[in-house]
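Numbering (my numbering), first residue to last: 651 to 822.
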């Protein structure tokens, strides 16, 4: 009886471990908690892509073209290697229309291992800023080691949130 109970517990534990990467929010390794990786976030409008596979194809084509344009401008046309994909979520239809800039859209997030760029003397941030100039408004990119996100040639600093309030700062 005890062996049967242990095997059921072990099986349950194994299933939880296997299912964890597929459950959103199941891991602490979310994009916001991993500033050491290149990040792509997209909100692809449903009217541009009726299916998730179409949304992913449109995103990959846009990223490829933007990367090629940035490499041509900053790196003398020399292609810079991309790191391996470490985390991918989506495309899934955004549940909250406000999150998706007022319309329903496919939400996609990707983390990549930061590869070495062949663009001396340009920084990784300069490359991603240039790349963002060639991307549609529904795509944001963030280079490894940066908190700043780039969209259409503009730097967007994420909103800062207070972790704790001192007694003197507490509203009365």
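Don't be surprised by glycine CBs; every beta carbon is placed ideally from N, CA and C. Owing to the predicted nature of the structure, the values given are computational and were not obtained by experimental measurement.
Does the segment 763–772 come close enough to the segment 693–704 that 3 or more CB-CB pairs lie under 8 Å?
no
Can you tell me the Cα-Cα spacing of residue 753 and residue 699, whole angstroms?
13 Å
Does the beta-carbon of residue 852 have 16 or more other beta-carbons within 10 angstroms, so that it is buried, or is it exposed?
With the chain running from 651 to 822 in the structure shown, residue 852 is simply not present.
With DSSP collapsed to three states, give me the class of residue 784.
coil
Taking the alpha-carbon positions, what's the residue 672 to residue 734 distance?
Summary for residue 672: the model assigns pLDDT 37, below 50, so the residue's position carries little reliability; its value from the coordinates is reported in the next sentence. If you draw a straight line from the Cα of residue 672 to the Cα of residue 734, it comes to about 18 Å.
Quick test of your reading: residue 631 and residue 739, contact by CB under 8 Å. State the CB separation rounded to the nearest angstrom.
Look at the range of the chain in this structure, 651 to 822, and you will see that residue 631 is not part of it.
Tell me the residue span of the alpha helix (DSSP H) that contains residue 709.
702–724
Here's the rule I'm using: 16 or more other beta-carbon atoms within 10 Å means buried, otherwise exposed. How should residue 805 be labelled?
Exposed is the call here.
Quick one: what's got a C-beta closer than 6 Å to residue 691's C-beta in the same chain, skipping five residues either side?
759, 790
So what does DSSP say about residue 744, is it helix, strand or coil?
coil
Report the partner residues of residue 766 according to the DSSP bridge assignment.
None; residue 766 has no bridge partner.
Taking 8 Å as the cut-off, decide whether the C-beta atoms of residue 761 and residue 736 are in contact.
yes
I'd like to confirm the pairing. Which residues does DSSP put opposite residue 690 in its beta bridges?
760, 791
So residue 734 is in the beta strand (DSSP E); what residue range does that whole segment cover?
Run containing residue 734: none; DSSP gives neither H nor E here.
List the endpoints of the continuous beta strand (DSSP E) containing residue 799.
799–801
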